[in-house]
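188 is the number that UniProt numbering gives to position 188 of the sequence shown; each next residue is one higher, with no gaps.
Glycine included, each C-beta is placed from N, C-alpha and C at the ideal position.
Right, one structure below, let's go through it.
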Amino acid sequence: MSERIIEAGPNSPERPPLSPGLKFALELGPLLVFFFANYRGAWLASHVPSLASLGGPIFIATGLFMAATVAALAVSWALTRTLPIMPLVSGIFVVLFGGLTLWLQNDMFIKMKPTIVNGIFAAILLGGLFLFDRPLLGYVFDQAFKLDDAGWRKLTLRWGLFFIVLALLNEVVWRNFSEDFWVTFKVWGTMPITMAFMLFQIPLLKRHAVEPLPGDGKG
1 MSERIIEAGP NSPERPPLSP GLKFALELGP LLVFFFANYR GAWLASHVPS
51 LASLGGPIFI ATGLFMAATV AALAVSWALT RTLPIMPLVS GIFVVLFGGL
101 TLWLQNDMFI KMKPTIVNGI FAAILLGGLF LFDRPLLGYV FDQAFKLDDA
151 GWRKLTLRWG LFFIVLALLN EVVWRNFSED FWVTFKVWGT MPITMAFMLF
201 QIPLLKRHAV EPLPGDGKG
């Protein structure tokens, strides 16, 4: 029997569990590498001369971001023998746009990557919902909680619209503010906004849960 490379569908018993903390670390880790490398690019170049060949701090950060993203996917594969869909899609675009950034020495490509990736996620979620009547968000979050069909539909719609907001925010920030501000926003702005959005979904999760939410304390 051949191994499945891409994660299986929602609630599939074939999907090995991955702790939420580790999953969060694998997703946030590459962003922290990007942030640190951008602000300490000159220091990194002085201590690792090979990095200086990549260019200035934003290009060093881009190269290390690519490496950290691939490493995170490799760890996920080593632990579960599957690759999560959304981090995989994002990782492909990190490598693609990061490669263009380094090759052409033009940071526009890595700055546009969040816009394009969030736009694609929005198109996938909203397209799946309205064109194929499938709430695809279940592929992402079903290990964290179990919802009825109406709950998955509502959550998918909300996340699809939220990804559009993230794409628009990225466009506003990178086109109107400094490079350092954009990097700071990418790491320390986008994540808190996303966490706040997730907290606002808790009432929906409780209303449509088919199993108690972790830490809910209710039978």
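Subject >> Cβ contact check for the region 108-119 and the region 161-170: 3 or more pairs under 8 Å >> reply: yes
**OP:** May I ask you to list the residues that DSSP assigns as paired with Leu147?
**Re:** Ala209
Subject >> N-terminal and C-terminal residue of the alpha helix (DSSP H) that Lys111 is part of >> reply: Met108 to Leu131
**OP:** Please classify Thr194: is it buried, with 16 or more other beta-carbons within 10 angstroms of its beta-carbon, or exposed?
**Re:** exposed
**OP:** Starting from the N-terminal side, write out each stretch of the alpha helix (DSSP H) that is 4 residues or longer and does not extend beyond the region 21-89.
**Re:** 41-47, 49-52 and 57-80
Original post:
If you run the structure through DSSP and keep just helix, strand and coil, what is Leu102?
Top reply: helix
Subject >> Exposure of Asn170, with buried meaning 16 or more beta-carbon neighbours within 10 Å >> reply: buried
Original post:
So Val183 is in the alpha helix (DSSP H); what residue range does that whole segment cover?
Top reply: Glu179 to Thr184
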